[in-house]
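Inspection log for the structure reproduced underneath, given as structure tokens.
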Amino acid sequence: MTVEPAGRKPGLPAPWQDRRLLTIVLLSLCLGVLIAWGAGGLLSSHRPAALPAPAAALPAPQEKAGEVIVPEHSAWRDALTIAPVTADFVSGVRTLPAAVESDPSEVVNVLPPLGGRVLEVAVRLGDTVTAGQVLVRIESGDMAQARADAAKAAAQLDLARHALTRANGLAQIGGGAARDTESARNDLAQAQAEYDRTQARLRTLGAMKVDGRGLTIIAPISGVITQLATAPGSYINDTTQSLMTIDQTRHVLVTALAAEDDLAYVAAGDEVRITLPAYPDEVRHGTVQSVDAVTQPDTRRTRVRIELDNPGGRLRAGMFASVSIDTPPRPRIMVPDSALLMNNDATTVFVETRPYVFTRRTIQTGQDRDGRTEVLSGLSAGERVVVRGGVLLGD
1 MTVEPAGRKP GLPAPWQDRR LLTIVLLSLC LGVLIAWGAG GLLSSHRPAA
51 LPAPAAALPA PQEKAGEVIV PEHSAWRDAL TIAPVTADFV SGVRTLPAAV
101 ESDPSEVVNV LPPLGGRVLE VAVRLGDTVT AGQVLVRIES GDMAQARADA
151 AKAAAQLDLA RHALTRANGL AQIGGGAARD TESARNDLAQ AQAEYDRTQA
201 RLRTLGAMKV DGRGLTIIAP ISGVITQLAT APGSYINDTT QSLMTIDQTR
251 HVLVTALAAE DDLAYVAAGD EVRITLPAYP DEVRHGTVQS VDAVTQPDTR
301 RTRVRIELDN PGGRLRAGMF ASVSIDTPPR PRIMVPDSAL LMNNDATTVF
351 VETRPYVFTR RTIQTGQDRD GRTEVLSGLS AGERVVVRGG VLLGD
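When the letters of the sequence shown are read in order and numbered with UniProt numbering, they come out as residues 1 to 395.
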């Protein structure tokens, strides 16, 4: 029995089957070569051009002997903007530190007219009171004595009136001497004067509506209780010590402190602008009320007072404020804010001494207005400074 090898088709001689397999392999290899060649040509037609070699690094600024030098052909030159310094006529602004104070003409310290013990305090700190409102009730032995004197004077006045009436009656019927009538009339006048004195004393004490030993103290003005220095049960021995303070708060004073070189620009009647940290978006306008005639020896400052209306009581004593005073136009060295660079705690600029050779210079600045800053010292008109890109030179 004949056995055929596995994988060989029956009916064909073995040499023919091997030759057919070889032909298939050769055709496959040729087809692969043709595909590879075509793909290679296609890729070569779309291959990007070779990139040029990296350019050499552009020269950076060099620092030498305190100068910063930007080499020729350096791209850093294109990043710098250099402009001459100009002197422009600009109106100045003097800004003075200030604080809000109560207007002394609208503040009343409530004093006790007599000594005694406090029975009641009818108000609290911060309360709003009206004129005539009860503030404090005091029990006072002195008050009792004042009332006794008033009662005695009233009795003496009544007795003197009856004595004069009787003397006049006797004189009409011829039973009395003329000098008796004159004496009675004189006694009545003295009794009336004593009665008026005691009643005035009671009115001064503010106790006309209270009986016995009580003394009622009422508000002399309308306003706000800004200080309170007594409590129920306390004793009053010093009648010069204020019990409380009432502030009307309708107006306030803004007191600014002017240095000696500011005094030439401020006088009574000048218009000023006032800003407060409490209301940063609000600008108030006021008029200088007075400038002190004496400079404070400890601070070398002079007080400048501006009166302001205070609707709603929004301005409170003790608030910080700033007062701005306009000064006449004069030539001022001005540079753009972009030219200023901070170097530690100093403000500096880069000044061009030769073409693209710079030195860092410290300057003293003044007012800042509309993106430009006044230079008080360190620069002169005509000098050229870096106004853009200076931070690159400082790195």
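Backbone N, C-alpha and C fix where the C-beta goes; we use that ideal spot for every residue, glycine too.
Check the DSSP bridge columns for Ser322 and list the partner residues they point to.
The residue given as residue 322 occupies position 322 in the sequence shown. DSSP output for Ser322 lists Pro97, Thr275 as bridge partner(s).
Sequence-distant residues of its chain with Cβ nearer than 7 Å to Asp262 (five each side left out):
Indexing the sequence shown from 1 puts residue 262 at position 262. The beta carbon of Asp262 sits closer than 7 Å to the beta carbons of Arg94, Leu96 from its chain, once the five residues preceding and following it are set aside; these are given in chain order.
Distance CB(Ile325)-CB(Val386) smaller than 7 Å
By one-based count along the sequence shown, residue 325 stands at place 325. By one-based count along the sequence shown, residue 386 stands at place 386. No, the Cβ-Cβ distance between Ile325 and Val386 is not below 7 Å.
Any chance you could list the beta strand (DSSP E) runs of at least 3 consecutive residues sitting entirely within the UniProt domain "CzcB-like barrel-sandwich hybrid" (107-241), in chain order?
107-110, 116-121, 134-139, 214-218, 223-228
Using the rule of at least 16 other Cβ atoms within 10 Å of the residue's Cβ for burial, across every protein chain shown, is Val100 buried or exposed?
Your numbering for residue 100 matches position 100 in the sequence shown. Taking all protein chains in view, the Cβ of Val100 is crowded by 16 or more other Cβ atoms within 10 Å, so the residue is classified as buried.
In the DSSP output, which residue or residues are listed as bridge partners for residue 401?
There is simply no residue 401 to check, as the chain begins at 1 and stops at 395 in what is shown.
Between the stretch 132-141 and the stretch 217-237, do three or more beta carbon pairs fall short of 8 Å?
yes
So is Val103 buried or exposed if we call it buried at 16+ other beta carbons inside 10 Å?
As a working mapping, residue 103 is identified with position 103 in the sequence shown. At residue 103 the sequence reads Asp, which differs from the Val that was named. By the neighbour-count rule (16 or more Cβ atoms within 10 Å), Asp103 is buried.
Given the structure, does Ala150 come close to the ligand NAD, in the sense that its CB is under 6 Å from one of the ligand's heavy atoms?
Looking at this structure, you won't find the ligand NAD or any other ligand, since it has none at all.
Within 10 angstroms of its Cβ, does Ala231 collect 16 or more other Cβ (buried), or is it exposed?
Walking along the sequence shown from the start, residue 231 turns up at place 231. Looking at its Cβ environment, which holds fewer than 16 other Cβ atoms inside 10 Å, Ala231 is exposed.
Give me the residue from Glu282, Val323, Gly214 with the minimum Cα distance to Val254.
Position 254 of the sequence shown, counted from the start, is the residue given in the question as residue 254. The shortest Cα separation from Val254 among Glu282, Val323, Gly214 belongs to Val323.
Pro355 - DSSP class collapsed to helix/strand/coil
For the purposes of this step, residue 355 is taken as the residue at position 355 of the sequence shown. If DSSP states are grouped into helix, strand and coil, Pro355 belongs with coil.
Sequence-distant residues of its chain with Cβ nearer than 7 Å to Gln199 (five each side left out)
Counting from one through the sequence shown, the residue named residue 199 turns up at place 199. For Gln199, where only same-chain residues beyond five positions count, the Cβ hits under 7 Å are Ala150.
Roughly how many angstroms separate the alpha carbons of Val90 and Asp368, rounded to a whole number?
The sequence position of residue 90 within the sequence shown is 90, counting from 1. The sequence position of residue 368 within the sequence shown is 368, counting from 1. For Val90 and Asp368, the distance between alpha carbons rounds to 11 Å.
Residues that DSSP places opposite residue 424 in a beta bridge:
The shown model of the chain, from 1 to 395, leaves out residue 424, and the question about it has no answer.
Ignore the nearest five residues each way along the sequence and tell me which others in Leu119's own chain have a CB closer than 6 Å to its CB.
Residue 119 sits at position 119 when you count from the first residue of the sequence shown. The residues are Arg137, Glu139.
If you follow the alpha helix (DSSP H) that Val391 is part of, which residue opens it and which one closes it?
As a working note, residue 391 is residue 391 in the sequence shown. Where Val391 is concerned, the enclosing alpha helix (DSSP H) stretches over 390-394.
Can you round the beta-carbon distance between Glu383 and Val85 to whole angstroms, since I take them to be within the 8 Å contact cut?
As a first step, residue 383 must be located in the sequence shown, where it is residue number 383. As a first step, residue 85 must be located in the sequence shown, where it is residue number 85. Yes, they are in contact, since the Cβ atoms of Glu383 and Val85 sit about 5 Å apart, within 8 Å.
What is the DSSP secondary structure of Gly366, reduced to helix, strand or coil?
Your numbering for residue 366 matches position 366 in the sequence shown. Reduced to three states, the DSSP call for Gly366 is strand.
Closer than 6 Å by C-beta to Val224: which residues in its own chain qualify, once you throw out the five before and the five after it? Chain order, please.
For the purposes of this step, residue 224 is taken as the residue at position 224 of the sequence shown. If the five residues before and after Val224 are omitted, its C-beta is found closer than 6 Å to the C-beta atoms of Thr128, Asp247, Thr249, all from its own chain and listed in chain order.
When Val110, Ser380, Arg354, Ala317 are compared against Ser242, the one with the closest alpha-carbon:
By 1-based counting over the sequence shown, the position of residue 242 is 242. Comparing Cα-Cα distances from Ser242 to each of Val110, Ser380, Arg354, Ala317, the minimum goes to Val110.
With a CB to CB cut of under 6 Å and the five nearest residues on each side skipped, what residues in its chain are close to Pro52?
In the sequence shown, residue 52 corresponds to position 52, counting from 1. Its pLDDT being 41, under 50, Pro52 is placed unreliably by the model, and the measurement read from it follows with that caveat. Excluding sequence neighbours, Pro52 sits near nothing in its chain.
Which two residues bound the contiguous beta strand (DSSP E) that contains Leu376?
Here residue 376 refers to the residue found at position 376 of the sequence shown. Unbroken beta strand (DSSP E) run through Leu376: 372-377.
Using the rule of at least 16 other Cβ atoms within 10 Å of the residue's Cβ for burial, across every protein chain shown, is Tyr195 buried or exposed?
Here the question's residue 195 lines up with position 195 in the sequence shown. Counting Cβ neighbours within 10 Å, Tyr195 comes out buried, since at least 16 surround it.
Does the distance from the CB of Val272 to the CB of Gly286 come in under 7 Å?
Residue numbering aside, residue 272 sits at position 272 when the sequence shown is read from its first letter. Residue numbering aside, residue 286 sits at position 286 when the sequence shown is read from its first letter. For Val272 and Gly286, yes; Cβs fall inside 7 Å.
Spatial distance of Val294 from Asp142 (CA atoms):
Taking the first residue of the sequence shown as 1, we reach residue 294 at position 294. Taking the first residue of the sequence shown as 1, we reach residue 142 at position 142. If you take the alpha carbons of Val294 and Asp142, they lie about 44 Å apart.
Helix or strand or just coil, what does DSSP make of Leu263?
Along the sequence shown, one-based indexing puts residue 263 at 263. Helix.
If you compare alpha carbons, which of Ala339, Ser377, Thr353, Asp345 is closest to Val391?
Position 391 of the sequence shown, counted from the start, is the residue given in the question as residue 391. Ranking Ala339, Ser377, Thr353, Asp345 by Cα distance to Val391 puts Ala339 first.
Mapping the DSSP letters down to three states, classify Pro48 as helix, strand or coil.
Here residue 48 refers to the residue found at position 48 when the sequence shown is read from its first residue. Here the model assigns Pro48 a pLDDT of 42, short of 50, so the residue's position is not dependable, and the following value carries that caveat. The answer is coil: DSSP assigns Pro48 none of H, G, I, E or B.
Kindly give me the distance between the Cβ atoms of Leu164 and Leu188, rounded to whole angstroms, as I take these residues to be in contact under 8 Å.
As a working mapping, residue 164 is identified with position 164 in the sequence shown. As a working mapping, residue 188 is identified with position 188 in the sequence shown. Rounded, the Cβ-Cβ distance is 5 Å, consistent with contact.
DSSP on Ala75, reduced to helix/strand/coil?
Within the sequence shown, numbered from 1, the residue matching residue 75 stands at position 75. Note: Ala75 maps to helix in three-state DSSP.
So is Ile173 buried or exposed if we call it buried at 16+ other beta carbons inside 10 Å?
Residue numbering aside, residue 173 sits at position 173 when the sequence shown is read from its first letter. So Ile173 counts as exposed.
Quick one: is Thr362 buried, meaning 16 or more other Cβ sit within 10 Å of its Cβ, or exposed?
In the sequence shown, the residue the question calls residue 362 occupies position 362. With fewer than 16 other Cβ atoms within 10 Å, it is exposed.
Do you know offhand how far Leu376's Cα is from Pro336's?
Sequence index remark: in the sequence shown, residue 376 carries index 376 (1-based). Sequence index remark: in the sequence shown, residue 336 carries index 336 (1-based). Going by the C-alpha atoms only, they are around 14 Å apart.
Could you tell me which of His73, Leu159, Thr181 sits nearest to Gly169, measuring between CA atoms?
Along the sequence shown, read from residue 1 onward, the residue named residue 169 stands at position 169. Here the closest residue by C-alpha is Thr181.
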